[in-house]
Amino acid sequence: MKAPAFDYVKPRTLSAVFELLASHGDEARLLAGGQTLLATLNMRLSEPALLIDINAIEALKGISVHGLVLRIGALTTHSEIEASALVAEHAPLLALAVPHIAHRAIRNLGTWGGSIAYADPAAEWPCCLAALDGVVLLRSASGERRVAARDFFLDLYTTALAEGELVVACELPLAPPDSVFRFDELARRHGDYAIVGLALAARRVPGGLADLRLSFLGLGTTPIRARRTEALFEHAPFSALRLGALMDALLDELQPLADLTNTAATKRHLAGVLTRRLLASALAA
Amino acid sequence: MDDKKTIQITVNGQSRRCEVAPRQHLVDFLREDLSLTGAHLGCEHGVCGACSVRLDGQVVRGCLMLAVQADGRTVETIEGLTERGNVRDLQQAFVARNALQCGYCTSGMLMAAAELLDSRPHASREEVRVWISGNYCRCTGYQAIVDAICDVLAERKLARQGASA
Amino acid sequence: MELNGDILIGAARERVWLALNDAQVLLASIPGCEEVKQLSPTETHVRVLIKLGPVRARFVGKILMSEVRANEGCVLNFEGSGGAAGFAKGRSTVSLSSEGEGTRLRYTAEAAVGGKLGQIGGRMIDASAKQTADQFFQAFSAQLEAPVPAPMPEPAPAAALTAAPATVASRPVAPQPAPVAESVRVLWFGLGCAATAFGFWLAHALGH
Chain A
1 MKAPAFDYVK
11 PRTLSAVFEL
21 LASHGDEARL
31 LAGGQTLLAT
41 LNMRLSEPAL
51 LIDINAIEAL
61 KGISVHGLVL
71 RIGALTTHSE
81 IEASALVAEH
91 APLLALAVPH
101 IAHRAIRNLG
111 TWGGSIAYAD
121 PAAEWPCCLA
131 ALDGVVLLRS
141 ASGERRVAAR
151 DFFLDLYTTA
161 LAEGELVVAC
171 ELPLAPPDSV
181 FRFDELARRH
191 GDYAIVGLAL
201 AARRVPGGLA
211 DLRLSFLGLG
221 TTPIRARRTE
231 ALFEHAPFSA
241 LRLGALMDAL
251 LDELQPLADL
261 TNTAATKRHL
271 AGVLTRRLLA
281 SALAA
Chain B
286 MDDKKTIQIT
296 VNGQSRRCEV
306 APRQHLVDFL
316 REDLSLTGAH
326 LGCEHGVCGA
336 CSVRLDGQVV
346 RGCLMLAVQA
356 DGRTVETIEG
366 LTERGNVRDL
376 QQAFVARNAL
386 QCGYCTSGML
396 MAAAELLDSR
406 PHASREEVRV
416 WISGNYCRCT
426 GYQAIVDAIC
436 DVLAERKLAR
446 QGASA
Chain C
451 MELNGDILIG
461 AARERVWLAL
471 NDAQVLLASI
481 PGCEEVKQLS
491 PTETHVRVLI
501 KLGPVRARFV
511 GKILMSEVRA
521 NEGCVLNFEG
531 SGGAAGFAKG
541 RSTVSLSSEG
551 EGTRLRYTAE
561 AAVGGKLGQI
571 GGRMIDASAK
581 QTADQFFQAF
591 SAQLEAPVPA
601 PMPEPAPAAA
611 LTAAPATVAS
621 RPVAPQPAPV
631 AESVRVLWFG
641 LGCAATAFGF
651 WLAHALGH
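Chains as they are written, first to last, in the numbering used here: chain A, 1 to 285; chain B, 286 to 450; chain C, 451 to 658.
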């Protein structure tokens, strides 16, 4: 279908954006990559009066290292993340996840900030951000604030973003040299929204894996960290011998939401399958 | 509301100044205003790939981009790629392998395949299949399309080896 | 799609029933509800703006009420249209029982969707329906647990139902308290139908 009529503006500064948001409220939508917004408009599921194209705002662009963090600007496209040497070095988890995001044409326009602001339960970036305990940088007319990933994703398509606020960038801790990452999704076809996905992060230590992080997508309304399971390995590393204990704890901790295609039991089972695969792979390398 | 905007856009090498309504998609602009009907409309929400065109050298969904967003940018359609001879080997392989029947998906397939050839010159058959899974075909069953792309991957690899020999 | 649940509300059963009958309470409780209009003693129209993720869609529907048991519960049949996006219809029941000082409110809702709505896999249907229900009950309970401003009027006798003039409740004007029929229908419309519908729209909107 064709999109409804709307007005269009492309401001050059954030303060201009905030003014526009203040005067138009919910009748204005921010246009970044547009890969979700324009699909929504084409289906007439939203009829905003104004699109505010933020692609000219330099403050939202770029990938850089600042001290101990990698900062990725909101307008960075998925393809740019895929091609980035800085990401490959400092946040290789993202490089593992990016080929799972839809298809190339979508990745060439869709943005890091857009994915995080929408917070789709099956999206890869919120899941990775949760796995790495990243921080979301938000800005509004009143200034900037920082929200940890665990406090940002609140409910279905609901984040800590307030009215008149937008995602400027996210910061990720630089990956230590002994870190190991794995990512995988299960979907019926490549590019579909995943039934379940897992971002795994850990540090390789004598005896196995320490600082284990298990972040799931597609199981609930937000990315889900299996914190109780992770806590089992706080004082002693995970090794193959402890797989049984981990799986017992995990399948007990996870309470997936069903959807029309998959029951909660199926999702839980598939989460277990992914966990086994990725742990085996992480230990083997 | 929705007053037309003026854009400066380079399409298939030709710079143009056009007026577009904000709501108009890039692919509708190309098809209706510029009569470049090589890109097709399928789903109009980004999943079928029939509308794929090239923006600043990268394949994008023409239905998930507004014409007004292409202001100051470079667009190439299948017509442009064909004129430049950029994908001649790919097009010939499609014909040789019977990789098109009705032709509706073909321009999108060529766009996607061209980007694969440029960015993943060592792609395996499996990688080709994953890459083009964003382009739907109702006629061929895909195998012939994958065959054609793999043929070109192999040919170009040989040509590179021949050139450096 | 099927949804059921229950909630313990910190108010007596009669007060909960009256609140369910109060169009103003419902208007304030149903997420995105913009207008409530009683067309006849058995039929109420409602307009809801659904806001979830990228979706902003107006949904118009009607509810027919039956099997009313004052202070205890009723059955609602609803159907609604999201315009080009499709339609939904369904059925809900609600029952109240006293539990200690409060009231246990149990609800069920089942719905079917058609048109474009129906074609879309309901990827998030259960989650979105649950979120709507949660939001509704949070707002509903909050109003009940606020101090009562004046003695509540007695429930209208049966005769008054047929004689009731068409009432229109819409923001921000405070409407008169509505007859028993209207409110519960609106409640179940809002919970069952809208939740189902926008969950599907949302899934479709993001389906790539």
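Think of the CB as a built atom: it goes at the ideal place given N, C-alpha and C, for glycine as much as any other residue.
Item: Evaluate Cys387/B with the Cβ neighbour count: other Cβ atoms within 10 Å of its Cβ, from every protein chain shown; 16 or more gives buried, anything less gives exposed.; Value: exposed
Item: Closest Cβ-Cβ distance between Ser293/A and chain C: below 7 Å?; Value: The displayed coordinates of chain A run from 1 to 285. Any statement about residue 293/A would go beyond what the structure contains.
Item: With burial defined as no fewer than 16 other Cβ atoms inside 10 Å of the residue's Cβ, what is the status of Val475/C: buried or exposed?; Value: buried
Item: State the DSSP-derived secondary structure class of His66/A, mapped to helix, strand or coil.; Value: strand
Item: Which partner residues does Gln454/B have in the DSSP bridge list?; Value: Summary: the structure shown does not reach residue 454/B, with chain B confined to residues 286 through 450, and so no result is reported for it.
Item: Distance check for Lys501/C and Ala559/C, CA to CA, integer angstroms please.; Value: 21 Å
Item: Quick one: is Lys512/C buried, meaning 16 or more other Cβ sit within 10 Å of its Cβ, or exposed?; Value: buried
Item: Could you tell me which residues DSSP pairs with Pro223/A in its beta bridges?; Value: DSSP, once it has assigned bridges, lists no residue as partnering Pro223/A.
Item: Looking at the unbroken beta strand (DSSP E) that takes in His24/A, where does it start and where does it end?; Value: Here His24/A belongs to no beta strand (DSSP E); instead the alpha helix (DSSP H) covers Leu14 to His24.
Item: Nearest by alpha-carbon distance to Val437/B: which of Lys289/B, Leu401/B and His330/B is it?; Value: Leu401/B
Item: Can you give me the C-alpha to C-alpha distance between Asp584/C and Thr221/A, rounded to a whole angstrom?; Value: 13 Å
Item: Would DSSP call Thr362/B helix, strand or coil?; Value: coil
Item: On the CB-based measure, 16 or more other CB atoms within 10 Å of its CB, does Gln309/B come out buried or exposed?; Value: buried
Item: In chain A, what lies closer than 9 Å to Leu502/C by C-beta?; Value: Leu156, Tyr157 and Thr158
Item: Which bits of chain A does Arg369/B rub up against, with CB to CB less than 8 Å?; Value: Neighbours of Arg369/B on chain A: none; closest Cβ ~20 Å, over 8 Å.
Item: Closest Cβ-Cβ distance between Ala284/A and chain B: below 7 Å?; Value: no
Item: Give me the Cα-Cα distance between Ala245/A and Asp120/A, rounded to the nearest whole angstrom.; Value: 31 Å
Item: If you draw a straight line from the C-alpha of Asp7/A to the C-alpha of Cys303/B, how long is it?; Value: 17 Å
Item: Could you check whether the segment 205 to 223 of chain A touches the segment 255 to 265 of chain A, counting it as contact only if at least three pairs of C-beta atoms, one from each stretch, sit closer than 8 Å?; Value: yes
Item: Using the three-state DSSP reduction, which class does Thr266/A fall into: helix, strand or coil?; Value: helix
Item: My understanding is that Gly110/A touches Leu172/A, with C-beta atoms under 8 Å, so please give their C-beta distance in whole angstroms.; Value: About 19 Å; that fails the 8 Å criterion.
Item: List in chain order: all unbroken alpha helix (DSSP H) runs of 4+ residues lying wholly within the segment 88 to 152 of chain A.; Value: 92 to 97, 104 to 107, 112 to 118, 124 to 131 and 149 to 152
Item: Any residues in the segment 374 to 396 of chain B with a beta carbon nearer than 7 Å to a beta carbon of chain A? Which ones, in chain order?; Value: none
Item: Give the residues of chain A in contact with Ser578/C, contact being defined as C-beta atoms less than 8 Å apart.; Value: Leu156
Item: With DSSP collapsed to three states, give me the class of Glu595/C.; Value: helix
Item: Please list the segments of the beta strand (DSSP E) lying wholly inside the segment 32 to 82 of chain A, counting only runs of 3 or more residues, in order along the chain.; Value: 50 to 53, 63 to 66 and 69 to 73
Item: To be precise: take each residue of the segment 100 to 115 of chain A, compare its Cβ to all Cβ atoms of chain B, and keep it if any distance is under 8 Å. Which residues remain?; Value: Ala102, His103, Arg104, Ala105, Ile106, Asn108 and Leu109
Item: Relative to the alpha-carbon of Val69/A, which residue among Val87/A, Ile52/A, Thr229/A and Ser79/A has its alpha-carbon at the smallest distance?; Value: Val87/A
Item: Report the residues of the segment 319 to 333 of chain B with a CB closer than 7 Å to any CB of chain A, ordered along the chain.; Value: Glu329, His330 and Gly331
Item: Going along chain A, which residues have a C-beta under 9 Å from Ala507/C?; Value: Arg44, Leu45, Ser46 and Glu47
Item: Can you find a C-beta in chain B that's less than 7 Å from the C-beta of Ala258/A?; Value: no
Item: Helix, strand or coil, according to DSSP, for Asn371/B in the structure here?; Value: coil
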